[in-house]
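S.K.: Take a look at the following structure, please.
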Amino acid sequence: MAKAAGIRPILRLKSAPERDREPATSEAEATAPRRFVVRLLVVCGVLACGLAVAVVAGVALGPVRIPPLEVVTALADDLGLPLPGDAAGGEHATVINYIRLPRVLVGALVGAALGIAGATMQAVFRNPLAEPGVIGVSSGAALGAVAAIYFGWTAFTPWMLPATAFVGAVAAMGFVFMVAALRRDRGPVTLLLVGIAVSAFFGALISVMVATTTNNEELRGIVFWLQGGLGARTWQHVQLAAVPVVAGCLLLTVFGRDLNVLLLGDDGARAAGLDVARQRVVILGLTSLLTGAAVAVSGVIGFVGLVVPHALRLVIGPDNRILLPASALGGAAFLVLADLIARVAFSPASLQVGIVTALFGAPVFLALVLRRRGASGGLR
Amino acid sequence: MIVNAVNVGLRQGATRILHAVDVAVSAGEVVGIIGPNGAGKSTLLRAIAGVVIPDEGEITIAGVDVASARPRLLARQLALVEQHPVMQFDFNVRDYVLLGRHAHLGRFQAEGAVDAAHTAAALAKVGISAFASRNVTTLSGGERQLAAIARALVQQPRALLLDEPTSALDLSHQLRVLELVRDLAAEQLAVIVVVHDLDLAARMCDRLVLLVDGRVSADGPPETVLDADLLRDAYHVHSVVRPSPDTDAQTVTALRHIPTPNNKSE
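Top line first, the protein sequences correspond to chains A and B.
Quick note, the working numbering runs 12 ahead of the 1-based positions in the first sequence.
Quick note, the working numbering runs 93 ahead of the 1-based positions in the second sequence.
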């Protein structure tokens, strides 16, 4: 038998203390971890600046134009930063603080939640088309939120809204995952078909509630969830979304490498040391929390979770440790800008933000469908 | 003994896939699992890897109980190379191989110089350093298999499990895998490999386990397991087995298929 020589010491099995003493590394290899941190900081820094610009533009532009400088000083004032001179309390303070700012902040929170949820779902399902709206999770959350209004549960506490939206999202997610697992195939077609079925089913249940509600006020509230938008958002909505979204984004970011390993496939990931079943429950639970929080304050807004992670992946690569925080920041900036376009493009008429995200998202979606081939997890 | 599977039984629904299977592999030994399609070879490998948990019996890797061990701990003892490694996202080969370091890293720890060094060494060992920067989705079948083996090696396992590593490969890649496996065994790795090609199995393995209908029908060196009578009962073929004048390993030439009333072979 051909027993070849040429053994490299590094691959020889070692006792534990020996494993820590590793061979000399080249300079390029030694700087690898530092490069990762630098990349993470640069990407997040750039996107955070983009988000800041988007927020200022979102607050400044609209039927009433507000000078950006005034917006910046008002924001600094809100954040309790020391102001140069006596610039506080500009003439547009009311517009900024009671109309524009809460709307922009809700947009940023919702965009962050949907962006990171999309990136996460694409990794968990190993499917480039997975996204909260596409696979029906947003519909589940919408049903939860609508049910809370329909049955009057929001009278107890406004937190019922995100809570029931979360429950609806978990139910939809669980259902989608179960069907995909039963088919032993999480290919795009299966997921999309399940998503269509789930969305149609939950949409029908919502329609039943709309048709049978006796209260006009209630009805208006319910219709809002079906179309989604950021109109008339108040500080209460900011409050409802802020805690679950910020907490969810931070927690999910911790799972970046687990999501990378999950790309090896269920068996491969398990053999590489990942507790696949448990991590998946935790990760999909967090994703549901984010989707629920987003839908609870904005209704179903599609395509954010699709467009943002894909655009970012083209630039920064598939490493989820960077892609996840980047998708949160990028999603926030994207939705704030989309809402800005929705408000000013056909002024004085105002579009719903979902229309703008669909205008960007649908072509991206089609491009992905056309680009993907069998070997790279394509359509079958 | 590195791998020790004792009395392993596994059901899938009402069907019994494995019956009282015993497999033991020591360090530096290459054990081939052979047998007809549907004999339970891949299931046995997946059970040893801890991917499926058997209903009966016990499997330990270097003393670690596979069924109860935390996956992280287990992954430092054994690594699995699947028949069709999943490579869907646009990682380059180096970053793909680096994923194998997961079990050695803490939750908040980024890969360090040690991990980079292991990766570079594994790439060199497997002979794919030249395309470390290529996108994994563009690799050919043979290159994928080699990349997957490199990823398994950076786990620094004591046991390496390979599921039909050569089935989709051309002659030159088959030979590379064969030589690589012998190399790894020489470094005291315990290797279990599921193989269809019996000639290749004879050259690669120190010992063969013939699995038929979920039972071990023979276990021993290739010279005893590759036996015309045993092969007739397992595969329902008449065959001639003789040592190759070039490699000294046994070669099997199947001559004629034996029709049986309940013929399972394809």
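Ideal placement from N, C-alpha and C gives every residue a C-beta, glycine not left out.
Model, not experiment: these values are computed from the prediction.
(1) Quick one: residues in its chain with C-beta nearer than 7 Å to the C-beta of A/G74, no 5 flanking neighbours on either side, listed in chain order?
(2) What does the Cβ neighbour count give for A/L173, buried or exposed, with the cut at 16 atoms within 10 Å?
(3) Taking B/L254 as part of the beta strand (DSSP E), name the residues at either end of that continuous run.
(4) Is there a Cβ of chain A sitting closer than 8 Å to that of B/L239, yes or no?
(5) If the cut is a Cβ gap below 9 Å, which residues of chain B does A/D287 touch?
(6) Are there 16 or more other CB atoms within 10 angstroms of the CB of B/G156, so buried, or fewer, so exposed?
(7) For the 8 Å Cβ check, are there 3 or more pairs between the region 304-318 of chain A and the region 146-158 of chain A?
(8) Does chain A have any CB closer than 8 Å to the CB of B/E91?
(9) My output table needs one value for B/D158: the three-state DSSP class, helix, strand or coil.
(10) Against chain A, does B/D158 count as a neighbour if the rule is that its beta carbon must be under 8 Å from one of theirs?
(11) Is there a C-beta anywhere in chain A that falls below 8 Å from the one on B/A172?
(12) What is the rounded straight-line gap between the Cα of A/E34 and the Cα of B/L191?
(13) The beta strand (DSSP E) with A/D279 in it runs from where to where?
(14) Taking the straight line between their C-alpha atoms, what separation do you get for A/P330 and B/Q181?
(15) Looking at A/G156: is its Cβ nearer than 8 Å to the Cβ of A/F178?
(16) On the CB-based measure, 16 or more other CB atoms within 10 Å of its CB, does B/P352 come out buried or exposed?
(17) Using only the alpha-carbon positions, how far apart do B/E175 and B/N185 sit?
(18) To which residues does DSSP link B/G344 through a beta bridge?
(19) Mind checking B/D362: buried by the 16 CB within 10 Å criterion, or exposed?
(20) Excluding the 5 residues flanking A/A36 on each side, which residues of the same chain have their C-beta closer than 6 Å to its C-beta?
(21) Measure the C-alpha to C-alpha separation of B/L111 and B/G128 and round it to an integer number of angstroms.
(22) Would you say A/P170 lies against chain B (beta-carbon separation less than 8 Å)?
(23) Buried or exposed: where does A/V266 fall if 16 or more other Cβ atoms within 10 Å of its Cβ makes it buried?
(24) Quick one: grab the DSSP three-state call for A/S150.
(25) Can you have a look at A/P9 and say buried or exposed, based on whether 16 or more other CB atoms are within 10 angstroms of its CB?
(26) Quick check on B/L103: does DSSP put it in helix, strand or coil?
(27) Kindly list the residues whose CB is nearer than 8 Å to the CB of B/A279, restricted to its own chain and excluding five residues on each side of it in sequence; keep chain order.
(28) Who are the Cβ neighbours of B/V99 in its own chain at under 7 Å, not counting the five residues just before and after it?
(29) Could you name the residues of chain B that A/F48 contacts, counting a contact when the two beta carbons are closer than 9 Å?
(30) Look at B/T153 and B/V145 and say whether their C-beta atoms are less than 8 Å apart.
(31) The beta strand (DSSP E) with B/H362 in it runs from where to where?
(32) For B/Y189, does the count of other Cβ atoms within 10 angstroms reach 16, so buried, or fall short, so exposed?
(33) Take A/L63 and list the residues in its own chain whose beta-carbon comes closer than 6 Å to its own, dropping the five residues that flank it on each side.
(34) Based on the DSSP output, what are the partners of B/N185 in its beta bridges?
(35) Between the Cα of A/A69 and the Cα atoms of A/D351, A/A181, A/V220 and A/V288, which residue gives the shortest distance?
(36) Measuring only between beta-carbons, confirm whether B/A117 sits less than 8 Å from chain A.
M.R.: Let me spell this out:
(1) Only R112, R355 and V356 meet the Cβ criterion.
(2) buried
(3) A252 to D256
(4) no
(5) R163, P164 and R165
(6) exposed
(7) yes
(8) Because residue 91 of chain B is not part of the residues shown, which for chain B are 94 to 359, the question remains open.
(9) strand
(10) no
(11) yes
(12) With a pLDDT of only 46 at A/E34, under 50, the local geometry of the prediction cannot be trusted, and the value read off the model is given with reservation. If you take the alpha carbons of A/E34 and B/L191, they lie about 16 Å apart.
(13) Not the beta strand (DSSP E): A/D279 falls in the alpha helix (DSSP H), residues D278 to A283.
(14) 10 Å
(15) yes
(16) exposed
(17) 19 Å
(18) The amino acid at residue 344 of chain B is misidentified as Gly; the sequence shows Thr. DSSP output for B/T344 lists B/R335 as bridge partner(s).
(19) There is simply no residue 362 of chain B to check, as chain B begins at 94 and stops at 359 in what is shown.
(20) Here A/A36 scores only 47 on pLDDT, less than 50, and its place in the model should not be relied on; the value that follows carries that caveat. None.
(21) Roughly 13 Å separates the two Cα atoms.
(22) At a cut-off of 8 Å, the C-beta of A/P170 has no neighbouring C-beta in chain B.
(23) Here A/V266 is exposed. Its C-beta has fewer than 16 other C-beta atoms within 10 Å.
(24) helix
(25) With chain A covering only 13 through 392, there is no way to say anything about residue 9 of chain A.
(26) strand
(27) So the list reads G121, once near-sequence residues are dropped.
(28) Excluding sequence positions up to five before and after B/V99, its CB lies within less than 7 Å of the CB of D115, G150 and E151, all in the same chain and listed in chain order.
(29) A203 and E204
(30) no
(31) Past the edges of chain B, shown from 94 to 359, lies residue 362 of chain B, and the structure says nothing about it.
(32) buried
(33) L341, A344 and A345
(34) B/N228
(35) A/D351
(36) no
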